[in-house]
């Protein structure tokens, strides 16, 4: 199986079976799963924390393998959360991508760092 | 399009096109993307931060919509990172799921909170 | 030494000496330190991830010791960041506390969960 | 008031009063506060996410002011958590600093990136 022939539904179903066989639905609440995703995201960052941005573009094979596993953990919990919320993940992602396409018109932001757009939009927000 | 007929490759390709059209590959380094995922994970948590675990299982529709968007953002950046790393995400996820199946044998952990297994394995680790 | 007689300056100076003796100022950039704080925050969450909110109010002594260490790590990196930014942390904290006092008038928010105030203010923000 | 003459106890007492006047102790459980710290850490990262490590060492004044506020929020929640846990924060920090001094002997790690020491110790841990 590879990205070319694996649907989101297949991955979600495998994850749902894993959770159900362990009777872990009770622990996989949205609140707990949001923490799990954040924890896995931090484990991913741990591998990149002391590298420069450039160094992070040229990772040695063992770091790459570790990073792949952390990324998998993040998506695994994301699948479990979309199961818990009964959410069609593909549809939600595609809707958000369309929103981003409108929010960041390519002719306007091309080659400009997000920090540029960030600081622009940021200034208009109420800073809590 | 729905989870039933959307492959990881399709989502990754759409994300790659979005990034390339904006010439944002330069910013989408593994280091930066790991931060982006963690930031989106925190935005997800923001919606669940003051709820009890039980309350988070019964979310009102508008919270559900917001949470879906944050979850989409997390996966969108995960797709971009797997593009940047030239990683087959499905394969990596399935390998990690297999590892978890072996790590948490269902007859041993059934109905037991992860915190149980966490505290067991945790005790054997060097606490940094 | 205890909270009653330890100033922020003493803690900042100890941390500055620790970093300087190792010639680690080069790594303790604001970007890297922001990642370090987030990573330590996730390690703190790891101890609380599968507990209910109520359970987290009654922690066993060994969990309490672990949690104290993670909390210390968070503040240690916060001290290092305030050194790197040449920031008076007490002054910044007190200014932020005053802002919060005005933002959340006690007669208005008393006994109401932040989620209430969160959802109020949240609705008025542009949802990115 | 400044870092030179502000003790941890003074800051903790101010925060305890802020929380008590709003009857927010019920929400300030260790679980919820660990999420709050992680959320504020992510808001800090948001300002640094697209910068290079070097750029983050030379921040414009308005970014510096925003970053100071986010750092204050992190420490504010850390103070509230140490109140909720009835923890002497200074003592805990100093004990952790001593542990770090022994863990990273200066003659061994001087000028070496943490990633070096990280990858060394990391290899000996069970990769979950």
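Residue numbers (the numbering used here), protein chains in the order written: chain A, 1171 to 1298; chain B, 1171 to 1298; chain C, 1171 to 1298; chain D, 1171 to 1298. Quick reminder that beta carbons are idealized off the backbone N, C-alpha and C, glycines included.
Neighbour-count burial assignment, residue i, 16 or more Cβ in a 10 Å radius
{"i": "residue 1182 of chain C", "result": "buried"}
{"i": "residue 1172 of chain A", "result": "exposed"}
{"i": "residue 1193 of chain A", "result": "exposed"}
{"i": "residue 1219 of chain A", "result": "buried"}
{"i": "residue 1253 of chain C", "result": "buried"}
{"i": "residue 1256 of chain D", "result": "exposed"}
{"i": "residue 1200 of chain A", "result": "buried"}
{"i": "residue 1273 of chain B", "result": "exposed"}
{"i": "residue 1212 of chain C", "result": "buried"}
{"i": "residue 1224 of chain D", "result": "exposed"}
{"i": "residue 1277 of chain A", "result": "exposed"}
{"i": "residue 1268 of chain A", "result": "exposed"}
{"i": "residue 1238 of chain B", "result": "buried"}
{"i": "residue 1290 of chain D", "result": "With a pLDDT of 46 at residue 1290 of chain D, under the threshold of 50, the modelled position of this residue cannot be trusted; read the value that follows with caution. Result: exposed."}
{"i": "residue 1178 of chain D", "result": "buried"}
Extent of the continuous alpha helix (DSSP H) run through residue i
{"i": "residue 1232 of chain A", "result": "1231 to 1255"}
{"i": "residue 1258 of chain D", "result": "It is not in any alpha helix (DSSP H) - residue 1258 of chain D carries neither H nor E in the DSSP assignment."}
{"i": "residue 1202 of chain B", "result": "1200 to 1216"}
{"i": "residue 1185 of chain C", "result": "1178 to 1191"}
{"i": "residue 1155 of chain A", "result": "For chain A, the structure presents residues 1171 to 1298; residue 1155 of chain A sits outside this window and is missing."}
Close Cβ partners of residue i (< 8 Å) along its chain, the five nearest in sequence each way excluded
{"i": "residue 1233 of chain A", "result": "1217"}
{"i": "residue 1241 of chain C", "result": "1214"}
{"i": "residue 1226 of chain D", "result": "1218"}
{"i": "residue 1264 of chain C", "result": "none"}
{"i": "residue 1195 of chain B", "result": "1189, 1254"}
Cβ neighbours of residue i in the same chain (closer than 7 Å, five flanking residues each side left out)
{"i": "residue 1250 of chain B", "result": "1185, 1189, 1198, 1203"}
{"i": "residue 1247 of chain A", "result": "1203, 1206, 1207, 1210"}
{"i": "residue 1244 of chain C", "result": "1207, 1210, 1211, 1214"}
{"i": "residue 1176 of chain C", "result": "none"}
{"i": "residue 1187 of chain A", "result": "none"}
{"i": "residue 1180 of chain A", "result": "none"}
{"i": "residue 1282 of chain B", "result": "none"}
Cβ-based neighbour list, residue i, same chain, cut-off 6 Å, excluding 5 preceding and 5 following
{"i": "residue 1236 of chain B", "result": "1217"}
{"i": "residue 1259 of chain D", "result": "1178, 1252"}
{"i": "residue 1229 of chain B", "result": "none"}
Any non-hydrogen atom of the ligand COA within 6 Å of residue i CB
{"i": "residue 1187 of chain B", "result": "Among the components modelled here there is no ligand, and therefore nothing to report on the ligand COA."}
Any residues in the region 1187 to 1212 of chain C with a beta carbon nearer than 7 Å to a beta carbon of chain B? Which ones, in chain order?
-> 1205, 1208
Which residues of the region 1208 to 1238 of chain A have a Cβ closer than 8 Å to any Cβ of chain C? Give them in chain order. 1208, 1209, 1211, 1212, 1213, 1215, 1216, 1218, 1219, 1220
Between the region 1172 to 1187 of chain A and chain B, which residues of the former have a C-beta closer than 8 Å to a C-beta of the latter? 1172, 1173, 1174, 1175, 1176, 1177, 1178, 1179, 1181, 1182, 1184, 1185
Check: Of the residues that make up the region 1243 to 1263 of chain D, which ones have a beta carbon closer than 9 Å to any beta carbon in chain A?
Finding: 1243
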